[in-house]
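Trainee: With my numbering, the residue at position 35 of the sequence shown is 43, and numbering never jumps.
Glycine is no exception: its CB is placed at the ideal position from the N, C-alpha and C atoms.
On a predicted model such as this, the values are computed, not experimentally measured, just so you know.
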Amino acid sequence: MITIIGNTVSPYVRKVLVILGMKGLDFEIDPITPFYGNDDFAKISPVRRIPVLIDGDAVVNDSSVIAQYLEEKYPAPSILPATPEARAQARWLEEFADSRLGDAFVWKGFGAVVVAPAVFGTPRDIDAFKRHLESDVADICDYLESLTPAAGYLTGAFGLADISVAVMFSAMRYARWTPDPARWPKLVAWLARAEAHPAMSGPREWSDALIKTHPKDQRAKAKEIGLKVTERSYFTATPRRGPMTVIG
Ligand SMILES: N[C@@H](CCC(=O)N[C@@H](CS)C(=O)NCC(=O)O)C(=O)O
């Protein structure tokens, strides 16, 4: 049985969960919130980040490395397009999502407006968030609009690129921002198509349930909504910062 360490609210965790769903792979989960990992967590995640995947003897860090591992170990159905050109574009969009959207949507958006105030008590700077929406966030949406097809998905069939980019938008939804359909019509239409894909709905529902739940109650909530929860947990009740933490 595959084990996932990490909370469904994290877009990086959700990317992995959608891929597991697409490939029909069963998993159990230890839904720890970032920052709430205990001492042992650092042994399996040296930068104290989620997700971590454990599959037999394999302990795999980083959502992109995990995605690649799953694709190699469980190749069917593939999450990558057929041609080298389209595969390169899918990998680029995954990288763009992980780094650029990760920075702008997860850290400077959701992290600054939702996580840092809730976890570290950092004051919410709404004016800075508004400036951020008109600079970094708008630039990202302009770029995505320029390459989004009028129909279908980002690199052909629904796959890695769509998953990696779409999950990031829910981080901003939690910061109460969604892209304007009048300004970015193709992007918004693609996002609706991507989110309607059957593999996306479970992880999204799990995330929407856990975001409303206090970290200490999230294991119980995860069980209640039907997730298989691990017996062992890396959870600690006191939040701590990882070596690469950039918020708060
Ligand atoms: N590049 C990593 C990024 C993962 C990541 O940033 N995870 C966040 C949660 S959304 C985290 O664990 N943050 C805790 C920290 O930075 O201390 C991946 O793709 O898995």
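With a cut-off of 8 Å, do at least 3 Cβ pairs link the region 134-151 to the region 72-79?
Mentor: no
Trainee: Can you grab the Cα-Cα spacing for the pair Glu-36 / Lys-231, in whole Å?
Mentor: For the purposes of this step, residue 36 is taken as the residue at position 28 of the sequence shown. For the purposes of this step, residue 231 is taken as the residue at position 223 of the sequence shown. Distance between the alpha carbons of Glu-36 and Lys-231 is about 10 Å.
Trainee: In terms of residues, what are the limits of the alpha helix (DSSP H) holding Leu-78?
Mentor: Start at 1 with the first residue of the sequence shown, and residue 78 comes out as number 70. 71-81 is the extent of the alpha helix (DSSP H) around Leu-78.
Trainee: Would you report the Cα separation of Tyr-182 and Phe-243, rounded to the nearest angstrom?
Mentor: Counted from its first residue, the sequence shown places residue 182 at position 174. Counted from its first residue, the sequence shown places residue 243 at position 235. Cα-Cα distance, rounded: 23 Å.
Trainee: Can you tell me whether Glu-148 is helix, strand or coil according to DSSP?
Mentor: Indexing the sequence shown from 1 puts residue 148 at position 140. Reading off the sequence shown, one finds Ile at residue 148, where the question assumed Glu. Helix, per DSSP.
Trainee: On the three-state DSSP scale, how would you describe Glu-213?
Mentor: Locating residue 213 in the sequence shown gives position 205, where the first residue counts as 1. DSSP places Glu-213 in helix when its eight states are reduced to three.
Trainee: Can you tell me whether Arg-240 is buried or exposed, with buried defined as 16 or more other CB within 10 angstroms of its CB?
Mentor: By 1-based counting over the sequence shown, the position of residue 240 is 232. So Arg-240 ends up on the exposed side.
Trainee: If we ignore side chains and look at the alpha-carbon of each, how far apart do Leu-195 and Pro-187 end up?
Mentor: For the purposes of this step, residue 195 is taken as residue 187 along the sequence shown, with counting starting at 1. For the purposes of this step, residue 187 is taken as residue 179 along the sequence shown, with counting starting at 1. C-alpha separation (whole angstroms): 8 Å.
Trainee: What first and last residue would you give for the beta strand (DSSP E) that runs through Phe-262?
Mentor: Residue coverage of the chain in this structure runs from 9 to 256, which leaves residue 262 outside it and unanswerable.
Trainee: From the DSSP output, in three-state form, read off Ile-52 for me.
Mentor: The count along the sequence shown starts at 1 and reaches residue 52 at position 44. Ile-52 falls in the helix class under three-state DSSP.
Trainee: Just to confirm before moving on: does the CB-CB distance between Val-26 and Ala-207 stay below 9 Å?
Mentor: Sequence index remark: in the sequence shown, residue 26 carries index 18 (1-based). Sequence index remark: in the sequence shown, residue 207 carries index 199 (1-based). The answer is yes: Cβ separation under 9 Å.
Trainee: Quick check on Ile-27: does DSSP put it in helix, strand or coil?
Mentor: As a working mapping, residue 27 is identified with position 19 in the sequence shown. Helix.
Trainee: What's the gap between the Cα of Glu-93 and the Cα of Trp-100?
Mentor: Indexing the sequence shown from 1 puts residue 93 at position 85. Indexing the sequence shown from 1 puts residue 100 at position 92. So the alpha carbons of these two residues sit roughly 11 Å apart.
Trainee: Within the region 111-190, note down every full alpha helix (DSSP H) run reaching 4 residues or more, in order along the chain.
Mentor: 134-140, 146-155, 168-182
Trainee: Quick one: what's got a C-beta closer than 6 Å to Phe-113's C-beta in the same chain, skipping five residues either side?
Mentor: Numbered from its first residue, the sequence shown carries residue 113 at position 105. Once the five neighbours on either side are set aside, the close Cβ partners of Phe-113 are Met-176, Ala-179, Met-180.
Trainee: With a Cβ-Cβ cutoff of 9 Å, do Asp-170 and Trp-198 count as a contact?
Mentor: Within the sequence shown, residue 170 is the residue found at index 162, counting from 1. Within the sequence shown, residue 198 is the residue found at index 190, counting from 1. Yes, they are a contact pair.
Trainee: How far does the alpha helix (DSSP H) with Val-17 in it reach, from first residue to last?
Mentor: Counting from 1 along the sequence shown, the entry for residue 17 is found at position 9. Note, Val-17: premise wrong, no alpha helix (DSSP H); not H, not E.
Trainee: Compute the beta-carbon to beta-carbon distance between Ser-71 and Lys-23, rounded to the nearest angstrom, for a pair I have assumed lies under 8 Å.
Mentor: The count along the sequence shown starts at 1 and reaches residue 71 at position 63. The count along the sequence shown starts at 1 and reaches residue 23 at position 15. About 5 Å separates the two Cβ atoms, so the contact holds.
Trainee: Measuring straight from C-alpha to C-alpha, what distance separates Gly-45 and Pro-223?
Mentor: Stepping through the sequence shown from its first residue, residue 45 is reached at position 37. Stepping through the sequence shown from its first residue, residue 223 is reached at position 215. For Gly-45 and Pro-223, the distance between alpha carbons rounds to 11 Å.
Trainee: Span of the beta strand (DSSP E) holding Leu-235?
Mentor: One-based indexing of the sequence shown puts residue 235 at position 227. Premise fails: Leu-235 is in no beta strand (DSSP E) and is neither H nor E.
Trainee: Could you pull the start and end residues of the alpha helix (DSSP H) that Leu-88 belongs to?
Mentor: Along the sequence shown, read from residue 1 onward, the residue named residue 88 stands at position 80. Here Leu-88 belongs to no alpha helix (DSSP H), and DSSP marks it neither H nor E.
Trainee: Distance, Cα to Cα, Ser-209 vs Leu-33?
Mentor: Walking along the sequence shown from the start, residue 209 turns up at place 201. Walking along the sequence shown from the start, residue 33 turns up at place 25. Approximately 16 Å between the Cα atoms of the pair.
Trainee: Please report how far the alpha carbon of Pro-83 lies from the alpha carbon of Asp-47, in whole angstroms.
Mentor: The residue given as residue 83 occupies position 75 in the sequence shown. The residue given as residue 47 occupies position 39 in the sequence shown. When rounded, the separation of the alpha-carbon atoms in Pro-83 and Asp-47 is 34 Å.
Trainee: Is the distance from the Cβ of Ile-10 to the Cβ of Ile-58 below 9 Å?
Mentor: Residue mapping note: residue 10 aligns to position 2 of the sequence shown, counting from 1. Residue mapping note: residue 58 aligns to position 50 of the sequence shown, counting from 1. The answer is no: Cβ separation not under 9 Å.
Trainee: Can you tell which of Gly-164, Asp-65, Lys-81 has its C-alpha closest to the C-alpha of Ala-90?
Mentor: What you label residue 90 is simply residue 82 of the sequence shown in a count that begins at 1. Residue nearest to Ala-90 within the set Gly-164, Asp-65, Lys-81 is Gly-164 (criterion: CA-CA distance).
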